[in-house]
Amino acid sequence: MTMTDDTTGVLGQRMLRREDPALLTGEAKYTADLPIPGALHLAVLRSPYARARIVSVDTSAAASMPGVTAVFSGADLAEAWAGPMPCAWPVTDDMKSPTHYPLAVGQANYVGDGVACVLATSASAARDALDAIDVEYEPLEAVIDLEDALSDRVVIHDEIGTNRSYTWDLKIEESEGDVDRAFADAAYSVKERYIQQRLIPAAMEPRAVAAIPQPFGGDMTLYSSTQVPHILKVMTALTLGIPEHQLRVVAPAVGGGFGSKLNVYAEELLCAALAQRTGSPVRWAETRSEGNQATIHGRGQIQDIELAADADGRLTAVRVRLIGDMGAYLQLVTPGVPLLGAFLYAGVYELPKTYDFSCTSVFTNMTPTDAYRGAGRPEATYAIERAMDSLAAEVGVDPLELRRRNFIPTASYPYEAMTGLVYDSGDHDKAATLAAEMIDYAGVRARQETQNVPGATKRLGIGVSTYFEMCGLAPSRVLASLNYGAGGWEAATVRVLPTNKIQVVTGTAPHGQGHETAWSMIVAEKMGVSPDDVDVLHSDTAIAPLGLDTYGSRSLSVGGVAIAMACDKVVDKAKQIAAHQLEANPDDLEFSGGEFRVAGSPDRAMPLAAVAFEAFTAHNLPDGLEPNLEAHTTYDPPNFSWPFGTHMCLVEVDTETGEVEVLRYVAVDDCGNQVNPLIVDGQVHGGVIQGLAQALYEEAVYDADGNLQTSTLAEYLVPAASDVPSIETGHTITPSPTNQLGVKGIGEAGTIASTPAVINAIVDALSGLGVRDVPMPASPNTVWRAINEAQGGQQ
Amino acid sequence: MIPAAFDYVRAGSAAEAIDLIGQYGDEAKFLAGGHSLVPAMKLRLAQPTVLVDIGRVADLSYIREDGDQIAIGALTRHMDVENSPVLAEHVPLLAHAAGHVGDPQVRHRGTIGGSLAHADPASDLPATTLALGATYVAQGPNGTREIAAADFYHGYFTSALAPDEMLTEIRVPKMGGAGWSFQKFNRRAQDWAIVGVAAWQRGSECGVGLVNMASTPVLASSVASAVAGGASAADAAEAAAAEADPQADLNASVDYRVHLAKVLTRRALEASAG
Chain A
-6 MTMTDDTTGV LGQRMLRRED PALLTGEAKY TADLPIPGAL HLAVLRSPYA
44 RARIVSVDTS AAASMPGVTA VFSGADLAEA WAGPMPCAWP VTDDMKSPTH
94 YPLAVGQANY VGDGVACVLA TSASAARDAL DAIDVEYEPL EAVIDLEDAL
144 SDRVVIHDEI GTNRSYTWDL KIEESEGDVD RAFADAAYSV KERYIQQRLI
194 PAAMEPRAVA AIPQPFGGDM TLYSSTQVPH ILKVMTALTL GIPEHQLRVV
244 APAVGGGFGS KLNVYAEELL CAALAQRTGS PVRWAETRSE GNQATIHGRG
294 QIQDIELAAD ADGRLTAVRV RLIGDMGAYL QLVTPGVPLL GAFLYAGVYE
344 LPKTYDFSCT SVFTNMTPTD AYRGAGRPEA TYAIERAMDS LAAEVGVDPL
394 ELRRRNFIPT ASYPYEAMTG LVYDSGDHDK AATLAAEMID YAGVRARQET
444 QNVPGATKRL GIGVSTYFEM CGLAPSRVLA SLNYGAGGWE AATVRVLPTN
494 KIQVVTGTAP HGQGHETAWS MIVAEKMGVS PDDVDVLHSD TAIAPLGLDT
544 YGSRSLSVGG VAIAMACDKV VDKAKQIAAH QLEANPDDLE FSGGEFRVAG
594 SPDRAMPLAA VAFEAFTAHN LPDGLEPNLE AHTTYDPPNF SWPFGTHMCL
644 VEVDTETGEV EVLRYVAVDD CGNQVNPLIV DGQVHGGVIQ GLAQALYEEA
694 VYDADGNLQT STLAEYLVPA ASDVPSIETG HTITPSPTNQ LGVKGIGEAG
744 TIASTPAVIN AIVDALSGLG VRDVPMPASP NTVWRAINEA QGGQQ
Chain B
484 MIPAAFDYVR AGSAAEAIDL IGQYGDEAKF LAGGHSLVPA MKLRLAQPTV
534 LVDIGRVADL SYIREDGDQI AIGALTRHMD VENSPVLAEH VPLLAHAAGH
584 VGDPQVRHRG TIGGSLAHAD PASDLPATTL ALGATYVAQG PNGTREIAAA
634 DFYHGYFTSA LAPDEMLTEI RVPKMGGAGW SFQKFNRRAQ DWAIVGVAAW
684 QRGSECGVGL VNMASTPVLA SSVASAVAGG ASAADAAEAA AAEADPQADL
734 NASVDYRVHL AKVLTRRALE ASAG
């Protein structure tokens, strides 16, 4: 299937997204927009201390305030839970996980930890009542620094007796000691420490929840701004003890997630439990500063990486030691995030079986971390791509040349990496060459010669980042080997209605990705109909009961492929009906352009529309064939998908102020065949900006006592349109051989590639001043300090 | 976000607004554009019990020539200051600085009087009007009085205004063709300045105001003296922080702020030199 070369087909067209008119006019309904008569409003009182014993909670004054119907402390609700809040990824058998309830009982463990809650007839009455709850706290020493946490000097959770959650190793050697020998024999080696700062996902739509008890019998509908309605249904049922078949979860319009809505949150469980208890609908909408505190954070790692190389600069060993910041508790997949990067610290480079990775993850008194756009893979890519620049400096070759020397050769694909994972397809040299041409790499190097002279205050730098992304989560058996608590399949149903309109039911849960557009294009291509004739149903467990939702760049390469496979099944059945009607052998029928034709007899044909109506009336079907055209597929991918590419960033650094200006940004991404290049570009643009934001702007800052200093968007610097460069996108197309569409994920690639490209560019600009590294975010103050320190304070 | 409960009254004139504020006392606040007060209320950092809305006092929105000064009504929106042909001709530094306040949404709602009365040292217009030698007109129950910008700012969010006084007019001397420069340094276009410098020069005369370099906007008199004494821009800029007392925050350490003030002052002097 060569979709992008076939300009007459639907696939590969830059179709505008059908989702956008409702979003752009404000007509789309988000959870907080839903009119729910009689709903009670939930407000949550949050701990102002990073760690404190809850001595007492007096709710009486709050309970008597106007409009307030109930007030609960954590202790009041302790019996409401059938189980603690779920963590679905016990990465090791001895992983430690403190008990975590929607409201803290006995001890609060981060600023923002829920301590009590109010139900009231209005949101303002609920909010006002929070101020009347009298909580006596005994403040305890907080643990903020990761290495301090590791020392167990102060143990946060008495029940587990240590701050260490787990240590997870991945050591790959032909024989014991290979890694040590490679380092001993190395012609060159580098050892670097990088800090992945904490990030706040800051989705455009804050979280919101509404739980609505249905009349009679105990059924419940839970609306939530979630990217995982199916997972949320299972976990809510287990945590609340509601029989799963009595629970329906709906994700209405959802305004972004970036992983932050890949979770099961206290407020979802509180709304459901209190709706059950009161018999009234209960709703909640997050404020932005609540979101900064109580929605998961991303990243949060200390990375120590060592590379060994031979005399040509070819990698001979990689050693990585991570400390992962779990925050106060384990959320849904918190402990697994570092593992998603564990296989990628050799990047797109050939490495023998000399790989030594170990991650120890610790609890701290900060907001729990979890998956955030890229989840583990941006961290890994950052470390290897920054370290490759250090190695290039050590070897004395250009960073791009060093990468070329190490690229996995195109001819080796599919390539079995030293980890045992098989990379499906790749052509790194092609992507790097295109990126270098687009940004005029050689020309930039020449300009640097004249611009970056001694005394120059505007220095030019170019940064390169080449990446591989392990996405399309995921083959269920591989997930099993990583102790993940679920599979990685996706479900699809394709249903042809009597009038030849097509319904697609998908288990993916779009929250900005454009699945309705993209899935309709896949079906249109497969079935020979217009995309406008295809309706995509999703994100409601009553309509789409089976699914594993949207995260990990999985929706197209798993969910989209499932749809294509279901289309094939429908066509096969339709072919039997058409053959019966045309009095032909099914094997002699061809299907294209929405019509069945008898091979060699062009006058004998039957359009799908006619077959659909025959299938519906069932007046004249082949013996034994069931009426209607409908097929279901559950697809478990045989492999991850492995998008790759090269990004290059051109910056100018003002050495007087430390200000970094991004002059150009070139992104060459290869995600295999593209269903809709417009959506691909959009994903790359957003992803690059999000990664650039980590490099230059964003950081969740805590003080030594565990107070979040960036609790509003005035302090947490999400860049706006005027603060970021235009993105120049280029693409190479290397189809994936593992699925029939030849597609790979693209949702996270921009984020994965861009952060190291930006920092590499800054360090490149300042290398003549002796700067070897700049911590993130590279704020003007930070860059200025790095220059000062490199100059021995002489700046 | 939900502010604490408050009462709301709307005034039709400055006199009525002052009456109302007198009636409700210390816990009442004037509401003009609301772009500083309302965010503080939503975070419950400010909890006034009454808001006296002066946003529709139409006769306080104007920009007009008055001899060798330009008079600007306190309720003139930033966008109107930015785009005023009168200011473009006579006080281009102020028009330009107004174009750097917040973002377009803020500039369409926020007012010059509200910004000055809020007395945030990180705001652009207090330091700019200070550099220009502006005079503010305040109206109270006993009539009006003029307050020099240099005497107006007492500390973070505190000014010479009495609780029952309202800023009604800003009087700015015409710049008479002076060169000028506004250097705003920040990380995102919409943000407050990490450090800002507003400067004008005419011959050996100059005025330099610093944004976010102390608990009040700062008039960098030592720079002006150095320029008057014939110092080069670079040498004069070395004195930029002489009157300043900057604090550290998430964006800048104290030494970095001092350094930035010098760099930006030098650039402003270079750019505004004849």
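Heads up: the sequence lines are chains A and B, in that order. Mapping of the first sequence onto this note's numbering: position 569 corresponds to residue 562, and the numbering continues sequentially without gaps. Every number in this note's numbering is 483 more than the matching position in the second sequence, counting from 1. Just so you know, even glycine gets a beta-carbon here, dropped at the ideal spot from N, CA and C.
One alpha carbon belongs to residue 571(B), the other to residue 578(B), and they sit about 6 angstroms apart. Using a Cβ-Cβ distance cut-off of 8 angstroms, the stretch 523 to 536 of chain B and the stretch 605 to 612 of chain B are not in contact, since fewer than three pairs of beta carbons, one from each stretch, lie closer than that value. Where residue 742(B) is concerned, the enclosing alpha helix (DSSP H) starts and stops at 737 to 755. Excluding the 5 residues flanking it on each side, residue 393(A) has same chain C-beta neighbours closer than 6 angstroms at 457, in chain order. Here the alpha carbon of residue 211(A) sits roughly 37 angstroms from the alpha carbon of residue 630(A).
Ranking 489(B), 545(B) and 519(B) by CA distance to the CA of residue 534(B) puts 489(B) first. Within the same chain, Cβ atoms closer than 8 angstroms to the Cβ of residue 585(B) are found at 518, 561, 593 and 673, the five residues on either side in sequence being excluded. In chain order, 218 and 504 place their CB closer than 6 angstroms to the CB of residue 247(A), counting only its own chain and leaving out the 5 sequence neighbours on each side. Listed along chain A, no residue sits closer than 7 angstroms to residue 533(B) by beta-carbon distance, the nearest being about 17 angstroms off. Cβ contact annotation for residue 518(A) (same chain, cutoff 8 angstroms, sequence separation greater than five): -4, 2, 3 and 4, in chain order. Across the set 318(A), 216(A), 303(A) and 116(A), the C-alpha of 303(A) shows the shortest separation from the C-alpha of residue 384(A). Taking all protein chains shown into account, residue 637(A) has 16 or more neighbouring C-beta atoms within 10 Å of its C-beta and is therefore buried.
Within the stretch 705 to 739 of chain B, the residues whose Cβ lies closer than 8 angstroms to some Cβ of chain A are 733, 734, 735, 736 and 739, listed in chain order. When C-beta distances to chain B are compared with 7 angstroms, the residues of the stretch 640 to 671 of chain A below that value are 649 and 650, in chain order. Only exposed fits residue 92(A), as fewer than 16 other CB atoms lie within 10 angstroms of its CB.
Unbroken alpha helix (DSSP H) stretches of 4 residues or longer found wholly inside the stretch 346 to 416 of chain A: 370 to 388 and 392 to 399, given in chain order. According to DSSP, residue 80(A) shares a beta bridge with no other residue.
Per DSSP, the unbroken beta strand (DSSP E) holding residue 591(A) starts and ends at 588 to 591. Here residue 176(A) is buried: its Cβ has 16 or more other Cβ atoms, across all protein chains shown, within 10 Å.
The beta carbon of residue 654(B) does not come within 7 angstroms of any beta carbon belonging to chain A, so the residue lies off that interface. The beta carbon of residue 76(A) sits closer than 7 angstroms to those of 231 and 232, all from its chain and outside the five residues before and after it, given in chain order. For a cut-off of 8 angstroms, the C-beta gap from residue 515(A) to residue 567(A) is around 17 angstroms, too long to register as a contact. For the options 767(A), 710(A), 584(A) and 463(A), the alpha carbon positioned closest to that of residue 604(A) is the one of 584(A).
Listed in chain order, the non-local C-beta contacts of residue 342(A) below 6 angstroms within the same chain comprise 308 and 399, local neighbours out to five positions each way being set aside. Here residue 40(A) is actually not in contact with residue 704(A); their C-beta atoms are around 13 angstroms apart, not less than 8 angstroms.
Setting aside the 5 residues that flank it on each side, residue 754(B) is surrounded in the same chain by 664, each with a C-beta closer than 7 angstroms to its C-beta; the list follows chain order. When the beta-carbon positions are compared, residue 254(A) and residue 220(A) come within less than 7 angstroms of each other. Residue 627(B) has 622(B) as its beta-bridge partners, per DSSP. Listed along the chain, the chain A residues whose CB falls inside 8 angstroms of the CB of residue 529(B) amount to none; the nearest CB is some 14 angstroms away. Residues of the stretch 683 to 699 of chain A that bring their beta carbon within less than 9 angstroms of a beta carbon in chain B comprise 689, 690, 692 and 694, in sequence order. With fewer than 16 other beta carbons inside 10 angstroms of its own, residue 702(A) counts as exposed. When 7 angstroms is used as the limit between beta carbons, residue 120(A) is near these residues of chain B: 485, in chain order. Listed in chain order, the non-local C-beta contacts of residue 496(B) below 7 angstroms within the same chain comprise 540, local neighbours out to five positions each way being set aside. Counting only runs of 4 or more residues that sit fully inside the stretch 582 to 621 of chain B, the alpha helix (DSSP H) segments are 587 to 592, 595 to 601 and 607 to 614, in chain order. In summary, the residues of the stretch 275 to 307 of chain A whose CB is separated from some CB of chain B by less than 9 angstroms are 280, 281, 282 and 283, in the order they occur in the chain. Within the same chain, 500, 503, 535 and 537 come within 6 angstroms of residue 494(B) by CB-CB distance, once the 5 residues on both sides are set aside.
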